[in-house]
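2 protein chains.
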Amino acid sequence: MAVNFAPPDPASLRAVRGVELGTAAAEIRKPGRRDLLLIRLAEGSRIAGVFTRNRFCAAPVVVAKEHLAGRPQVRALVVNTGNANAGTGSDGIARARTTCNAVARALGCDLRQVLPFSTGVIMEPLPVDRIVAGIPACVADLKPDNWRSAAEAIMTTDTVPKACARHLSIDGEETVVTGIAKGAGMIRPDMATMLAFAATDANVAEPALNALVREVAEGSFNRITVDGDTSTNDAFMLIATGAASSTPISMGTPQYAQLRGAIMQVAQTLAQSIVRDGEGATKFITVRVERGASVAECRKVAYAIAHSPLVKTAFFASDPNLGRLLAAIGNSGIDDLEVDGVSVYLGDVLVASEGGRHPDYREEDGQRVMEQSEIVVRAVLGRGAAEATIWTCDLSHEYVTINAEYRT
Amino acid sequence: MAVNFAPPDPASLRAVRGVELGTAAAEIRKPGRRDLLLIRLAEGSRIAGVFTRNRFCAAPVVVAKEHLAGRPQVRALVVNTGNANAGTGSDGIARARTTCNAVARALGCDLRQVLPFSTGVIMEPLPVDRIVAGIPACVADLKPDNWRSAAEAIMTTDTVPKACARHLSIDGEETVVTGIAKGAGMIRPDMATMLAFAATDANVAEPALNALVREVAEGSFNRITVDGDTSTNDAFMLIATGAASSTPISMGTPQYAQLRGAIMQVAQTLAQSIVRDGEGATKFITVRVERGASVAECRKVAYAIAHSPLVKTAFFASDPNLGRLLAAIGNSGIDDLEVDGVSVYLGDVLVASEGGRHPDYREEDGQRVMEQSEIVVRAVLGRGAAEATIWTCDLSHEYVTINAEYRT
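Here the protein sequences line up with chains V and A, keeping their order.
Read in order, the letters of the first sequence correspond to residues 1 to 408 in our numbering.
Read in order, the letters of the second sequence correspond to residues 1 to 408 in our numbering.
Laid out in structure tokens, this is it:
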């Protein structure tokens, strides 16, 4: 069960002018469930994206990056779940291209105007015939208000579909930002999350769009971790159709900041929903590291806490075995860390200072915080003014069950 | 249950001339179990050690390093389980010194000739009064053939005591190496394992002993990981009493190589037994990375595989979901890794090559290997001549249970 996260109300998911979505059940892994998504973009739309840094990046990532490098007018995105088309060598690349080609023929565009995305099991051949056979049904289903069914069609071990929308007024023009994401395991994005797509009808100049997608990824998807495993298929794509205005937004303008704020809200909500629905998650944990010498070292400490199986199992058990937090901080690879200067808070409770347990700390205070489903851990390093926040979840029996039985 | 690892036969554990061991039940955490160990060394013994690099290193580690820095004639080691005396600030240091002082008074030596060691729960005050009260019983129990009960007295979540002995003849002198270790979780030693003590009656010159302990730690305890969490208390101590010979062994001699071989065997057996008895372990996994550009990058890849929760749960499930191996390799942080050059073997089965599944790989072959309790994973990087091996275990429900319920 996801932690304090209900499926989005379809009525809340605003359509984005210039974006149509269609889904189909292509029987990629399981019969009868929608597992194929087609997104069609109106002419003039711009798109920018960030991708996984995993060296075994999937064939669709290779092809999408290749297509984007040609700076085409992207007209369609095609996404399948159930098979990642990763670790599939040159045959996988060919199958990703075949998928793009089928979409291009169905929509009357060039194959380089189509970006492919896949998620699911790794190192198994993509069932490209079934995907090609499913495309006409996706085309027939294309509608602007299909965001909720699109979110459902890209789920793998997700237990709830993830979608979010915001609207804002930019220079008096009503503007919408809507996004969807999927992901529950193999989540420690280094560039972006497993798969996330956000669209706005704002008119955004290309350099501004490239900057936006990076800034937003950095503040949202790149700040979450479930299990520290960076996926082979991570991608976050940001679409700007331009339907809301004829004036493109440039970097460094108030309009840019305004739009970035709305997109960041959508992306953070989606990113946090991935953690809330993390495989086996029972707790949503915010790890905040403050007063570090640099953002990089704050992140090191935050990930050391968030990736420690001992910390994660203590959260699962609601056990204030908080010495594990100190061990994780000491283990984060900051060679000149003086532990006497470190303080650790659990929620509002000061747990440790001056290298050890704080004299006023009482186990029952720690226990009270540990029993909550939303917990903030704060490590104050006392070395500088930098800070970093990441979001993670606990490690439960259910995580082991899900990943031991993933392919059955 | 430990993986293919039975408790050592007490008769196989050779006494080491010059070393006596005594244990007692000091009621540190649980009544009625032996939880305190005293090791007395004959005059003229030499000792060298390596310690955790965790910045929140425990008070006994601080004190032991401080005492060693004074280059004393170490006469005793005192070890308690049940409480790590870590994350305890200056009060913890004082309690470790009080322990040493009590031992010094009981044995008639200086407190700086005593080294303290602790293992157990972090951030709780060391019950030093009970430890001091238990020391006379340890003294009364001192005997050369107490290695097996010593191994039992330092256990925490270990399910079997860990001890091992070898004997060899150096220049015609019968020489013995005997060691004990403990550890099952919070295991990813960066300098040494949780706690390990090995003694030989060989006569070893001090620089040679310092070199030996480092070389052996590097090839044994530093090559294992259970959960990637480096403990606050790790220590590996190597004792040479010199009783076997009047001629000290120096570095770079055939005798040095001979002794190192025997100590390495003892240390590797102990290190591997820690993995075999890793918390919840059901599989013993050797990860071997070959043909890397450097040993450092081979280790990076090996640890990326060994620390991936997804890889570990697949091993637990005996599921050849081997794409997770590729994802872990791709995720190991080698930015210029060309995946086309990587081959992956599971046991004798070639699973992947040229960036994807090998054409001859059949799921049933992978399944056959996955069902074994001892599995070798080989990643061949095709970048150079370096290699590295580490040993790890799987991630099971039992790991979560043990660590969720550790303090109950």
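Note that the Cβ used here is the ideal one computed from N, Cα and C, for glycine as well.
Values in this document were obtained by computation on a predicted structure and should not be read as measured data.
Minimum Cβ-Cβ distance from residue i to chain A less than 8 Å
i: residue 55 (chain V); result: yes
i: residue 230 (chain V); result: yes
i: residue 309 (chain V); result: yes
i: residue 395 (chain V); result: yes
i: residue 405 (chain V); result: yes
i: residue 365 (chain V); result: no
i: residue 227 (chain V); result: yes
i: residue 331 (chain V); result: yes
i: residue 323 (chain V); result: yes
i: residue 159 (chain V); result: no
i: residue 269 (chain V); result: no
i: residue 316 (chain V); result: yes
i: residue 195 (chain V); result: no
i: residue 297 (chain V); result: no
i: residue 350 (chain V); result: no
i: residue 215 (chain V); result: no
Contact with chain V by residue i, beta-carbon distance below 8 Å
i: residue 83 (chain A); result: no
i: residue 274 (chain A); result: no
i: residue 91 (chain A); result: yes
i: residue 313 (chain A); result: yes
i: residue 400 (chain A); result: yes
i: residue 249 (chain A); result: no
i: residue 117 (chain A); result: no
i: residue 3 (chain A); result: no
i: residue 236 (chain A); result: no
i: residue 156 (chain A); result: no
Member of the options whose CA lies at the smallest distance from the CA of residue i
i: residue 415 (chain A); options: A:283, A:308 and A:343; result: With chain A represented from 1 up to 408, any question about residue 415 (chain A) goes unanswered, as that position is not in the structure.
i: residue 269 (chain V); options: V:138, V:163 and V:68; result: V:163
i: residue 393 (chain A); options: A:278, A:126, A:339 and A:141; result: A:278
i: residue 357 (chain A); options: V:86, V:120 and V:358; result: V:86
i: residue 390 (chain V); options: V:322, V:307 and V:321; result: V:307
i: residue 209 (chain V); options: V:8, V:253 and V:158; result: V:253
i: residue 53 (chain A); options: V:98, V:335 and V:82; result: V:335
i: residue 161 (chain V); options: V:89, V:344 and V:273; result: V:273
i: residue 403 (chain A); options: A:9, A:156 and A:198; result: A:156
i: residue 363 (chain A); options: V:260, V:49, V:31 and V:125; result: V:125
i: residue 109 (chain V); options: V:148, V:175, V:45 and V:73; result: V:73
i: residue 49 (chain A); options: A:265, A:127 and A:68; result: A:68
i: residue 95 (chain A); options: A:370, A:46 and A:116; result: A:116
i: residue 202 (chain A); options: A:405, A:39, A:45 and A:20; result: A:45
i: residue 377 (chain A); options: A:245, A:137, A:255 and A:348; result: A:348
i: residue 236 (chain V); options: V:230, V:213, V:258 and V:247; result: V:213
Reduced DSSP category for residue i - H, G, I as helix; E, B as strand; rest coil
i: residue 345 (chain A); result: strand
i: residue 77 (chain V); result: strand
i: residue 253 (chain V); result: coil
i: residue 264 (chain A); result: helix
i: residue 182 (chain A); result: strand
i: residue 134 (chain V); result: helix
i: residue 165 (chain V); result: strand
i: residue 370 (chain V); result: helix
i: residue 242 (chain A); result: coil
i: residue 393 (chain A); result: strand
i: residue 387 (chain V); result: strand
i: residue 402 (chain A); result: helix
i: residue 235 (chain V); result: strand
i: residue 352 (chain A); result: strand
i: residue 375 (chain A); result: strand
i: residue 128 (chain A); result: helix
i: residue 156 (chain A); result: coil
i: residue 93 (chain A); result: helix
i: residue 363 (chain A); result: helix
i: residue 337 (chain V); result: coil
i: residue 177 (chain A); result: strand
Near the ligand FAD: residue i beta-carbon under 7 Å from a heavy atom
i: residue 245 (chain V); result: Summarising the ligand content, the structure contains no ligands, and the ligand FAD is consequently not present.
_Restricting to runs no shorter than 4 residues, where is the alpha helix (DSSP H) found entirely within the region 187-223 of chain V?_
Complete alpha helix (DSSP H) runs here, min 4: 206-219.
*Curious, which full-length alpha helix (DSSP H) runs of at least 4 residues does the region 258-333 of chain V contain?*
DSSP runs (the alpha helix (DSSP H)) wholly in the region 258-333 of chain V: 295-307, 309-316 and 323-330.
*For the region 372-397 of chain V, which residues have a beta carbon sitting closer than 8 Å to at least one beta carbon of chain A?*
Contact residues of the region 372-397 of chain V toward chain A are 395, 396 and 397 (C-beta to C-beta distance below 8 Å).
*Quick one: complete alpha helix (DSSP H) runs, 4+ long, within the region 7-85 of chain V?*
Listed in chain order, the complete alpha helix (DSSP H) runs (minimum 4 residues) inside the region 7-85 of chain V are 59-69.
*Residues of the region 121-151 of chain A whose Cβ lies closer than 9 Å to any Cβ of chain V, in chain order*: For the region 121-151 of chain A, which is checked against every Cβ of chain V, the residues closer than 9 Å are 121, 122, 123, 124 and 125.
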